[in-house]
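Okay, structure first, notes after.
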């Protein structure tokens with residue numbers, strides 16, 4: 084798993100569509116934002132909605148424009164596929180340095196047929212994973228790596 088840095092503080096008024104931020108402790112990609120006019124106390128509110136990059140679950144929130152939110156680090160990594168074990172629910176992968184990496188398959192894994200077809204035809208398959216962190220407690224983060232996509236090479 085790639086080494087990640089710590090989450091970075093970010094002002095809520097800088098949130099745009101496509102930005103990664105923590106919503107309720109989950110790393111989410113923002114899908115929509117709206118800014119209200121300033122009220123009688125002079126602060127605009129930012130309303131935002133996002134999708135968890137690991138589970139696909141939707142989250143939303145409202146923050147004052149001056150509020151500080153945390154932006155999670157996120158790394159996409161490609162590995163060479165060694166084995167797909169559907170019974171165990173794992174992907175056995177090889178990193179560029181030759182080390183073995185094992186990741187769990189997502190609950191709704193729809194690419195098994197395409198991967199098995201490519202492996203049956205003696206094609207090489209690369210797997211892209213997404214690594215980010217999840218907030219487990221206030222200011223405590225744990226790295227998590229999940230399957231993102233696959234690509235057939237040697238076509």
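Residue numbers (the numbering used here): 84 to 238. For every residue, glycine included, the Cβ atom is placed at its ideal position computed from N, Cα and C.
query                                                                                                               : result
Proximity below 9 Å, CB of residue 136 to CB of residue 111                                                         : yes
Residue 109 classed as buried or exposed, judged by whether at least 16 other C-beta atoms fall within 10 angstroms : buried
Boundaries of the alpha helix (DSSP H) in which residue 197 is found, first to last residue                         : 195-203
The stretch 89-105 / the stretch 147-160 touching (three or more Cβ pairs under 8 Å)                                : yes
Nearest-angstrom Cα separation, counted from residue 107 out to residue 221                                         : 11 Å
Sheet register partners of residue 233 (DSSP bridge)                                                                : 210
Close beta carbons around residue 116, own chain, < 6 Å, minus the five adjacent residues each side                 : 98, 131
N-terminal and C-terminal residue of the beta strand (DSSP E) that residue 186 is part of                           : 183-187
Cα-Cα separation, residue 174 to residue 199                                                                        : 12 Å
Entirely enclosed beta strand (DSSP E) segments - the stretch 129-180, minimum 3 residues                           : 141-147, 151-154, 157-168, 173-177
For residue 105 and residue 219, the rounded distance between their alpha carbons                                   : 12 Å
Cβ neighbours of residue 103 in the same chain (closer than 8 Å, five flanking residues each side left out)         : 110, 111, 112, 113, 136, 154, 155, 157, 215
Closest by C-alpha distance to residue 177, when choosing among 191, 210, 141, 223                                  : 210
Proximity of residue 169 and residue 195 at Cβ, strictly below 9 Å                                                  : yes
Sequence-distant residues of the same chain with beta carbon closer than 7 Å to residue 182, five excluded per side : none
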